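Written below as structure tokens is the structure these notes are about.
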Amino acid sequence: MKKSALISVSVVLLALVLGGSWYYGDGADVKITDMYASPFGAGDLGKLNITLQNNGLKPVDVWLEIENAFVDENGVSYSTPRLIISNNSTNPWDEGSASLQKPIKLVPGNNSVKVWLGYKLPGEYPVKVRVVQNSRLLDEETYPVNIPFPEIHLKLEYEMESKNNSDVYRIYGYIINKGLSNARNVSTNLTVTNERTGELVLTSSEFYDAGEKDKSPLWTWPDYPYAIVEIAHSKPSGKSYMPVKNVVIGSSEDRFKVNVTAKWQNQVAFAELLIPPKEETR
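Numbering (the numbering used here), first residue to last: 7 to 288.
Okay, here's the thing in structure tokens:
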């Protein structure tokens, strides 16, 4: 090979080496050593804590690429320019949050970084974190984020008041959600059966929302009972209990079984009351 050809090859190789050094920077050595997310529910904001270890002797600038940090109710993952959490940011759209378009400066040793998470539905979401410098992948890890399902329960209770010749039972119902996620459109069905005759005397269906770790009242009008049962010992009072729609009028010989069923996805909860209770039967 001629000397000029050797010189040309050497120049090309040197250019590739120098170009690679310029493109990849100083070859930062950064690893993801830990990731952790505290439990949170669907519809809420969560935080993924990431520990990045800079094994170099000087600070380096890196970028984070996050997959599945936000997923909507249709299962579609979407990105936002504000994922990194600064000390004074309270949501992903705070001006205090840093943009993913800006690098993160890592000092030598361990560095703590937090990113926002949010999911509209319960389930498990694999959050993939990639650490990049000048388009060079330094490290990547996947962390499974579990968004718990609601835990639906029902409770029925009553208050009794004697008026003239009638006992009036005001029935209150509650959907109790013991889970961390909201339950939207919980289907509830109320039935009242006369145990003496076996007749179904009332049925009513409604939809309710139950917040996380919350006790949501069942009612047809705010601050009014869910249902009213009047037990008349002579003539019915004839009183209108509006705006309460679920009203049953019976006599002293009657006993009514009040049943409520709540359904949310594959969860079903039941509650039952006897009106009047056995210990109050005359």
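All C-beta atoms in this analysis are idealised placements derived from N, C-alpha and C, irrespective of residue type, glycine included. Bear in mind that the values here come from a model prediction, so they are computed numbers and not experimental data.
Locate the beta strand (DSSP E) running through residue i, then write down its first and last residues.
i      : result
Ala43  : 36 to 43
Ser240 : Note, Ser240: premise wrong, no beta strand (DSSP E); not H, not E.
Asn60  : 51 to 60
Pro132 : 129 to 139
Glu167 : 158 to 169
Pro223 : 220 to 224
Ser210 : 205 to 216
Gly47  : Neither: Gly47 is in no beta strand (DSSP E) and is coded neither H nor E.
Leu123 : 115 to 125
Ser193 : 189 to 200
Phe262 : 262 to 270
Name the residue from the options whose alpha carbon lies nearest to the alpha carbon of residue i.
i      : options                        : result
Asn183 : Met166, Ile234, Lys269         : Lys269
Leu51  : Phe76, Asn195, Met166          : Phe76
Tyr232 : Tyr84, Leu206, Arg176, Met166  : Arg176
Trp225 : Glu163, Ile110, Ile158         : Glu163
Ile158 : Asn152, Ser187, Val151         : Ser187
Glu71  : Glu218, Val135, Pro223         : Val135
Glu130 : Ala48, Val138, Ser211, Glu167  : Ala48
Lys219 : Val198, Gln59, Ala189          : Ala189
Ser168 : Ser258, Asn116, Thr203, Ile153 : Ser258
Val235 : Lys64, Val254, Val198          : Val254
Leu206 : Thr197, Ser240, Glu73, Lys64   : Thr197
Gly115 : Asn200, Glu212, Pro65          : Pro65
Glu79  : Ile153, Lys284, Lys120         : Ile153
Thr203 : Leu279, Gly256, Asn55, Tyr214  : Gly256
Val250 : Ser118, Pro282, Trp227         : Trp227
Glu201 : Leu280, Gln271, Glu73          : Leu280
Thr199 : Ser141, Asn265, Ser240         : Asn265
Pro283 : Asp260, Gln271, Ser141         : Asp260
Met166 : Gln271, Ser118, Ile237, Asn74  : Ile237
Can you tell me the Cβ-Cβ gap for residue i and residue j, rounded? I've got them flagged as a contact below 8 Å.
i      : j      : result
Phe155 : Pro128 : 4 Å
Asn252 : Leu208 : 6 Å
Val36  : Leu143 : Incorrect: roughly 10 Å between the Cβ atoms, too far for contact.
Lys53  : Leu123 : 7 Å
Ala43  : Gly62  : Rounded, the Cβ-Cβ distance is 28 Å, inconsistent with contact.
State the Cα-Cα distance for the pair residue i and residue j, rounded to the nearest angstrom.
i      : j      : result
Gln273 : Phe262 : 26 Å
Thr57  : Ile91  : 14 Å
Glu146 : Lys221 : 42 Å
Thr39  : Val192 : 42 Å
Lys108 : Val138 : 12 Å
Asp67  : Tyr125 : 29 Å
Phe276 : Gln59  : 52 Å
Ile110 : Trp69  : 6 Å
Ser210 : Gly81  : 33 Å
Tyr29  : Phe46  : Bear in mind that a pLDDT of 42 at Tyr29, under 50, signals an unreliable position, so the model cannot answer this.
Asp173 : Glu212 : 27 Å
Tyr214 : Asn55  : 35 Å
Asp229 : Tyr178 : 10 Å
Ser240 : Glu278 : 27 Å
Met41  : Pro150 : 10 Å
Pro223 : Thr194 : 12 Å
Val121 : Asn140 : 21 Å
Asn117 : Glu73  : 21 Å
Gly217 : Ser83  : 24 Å
Subject >> Inter-stretch contact (C-beta, 8 Å, three-pair minimum) for the stretch 245 to 255 and the stretch 179 to 195 >> reply: no
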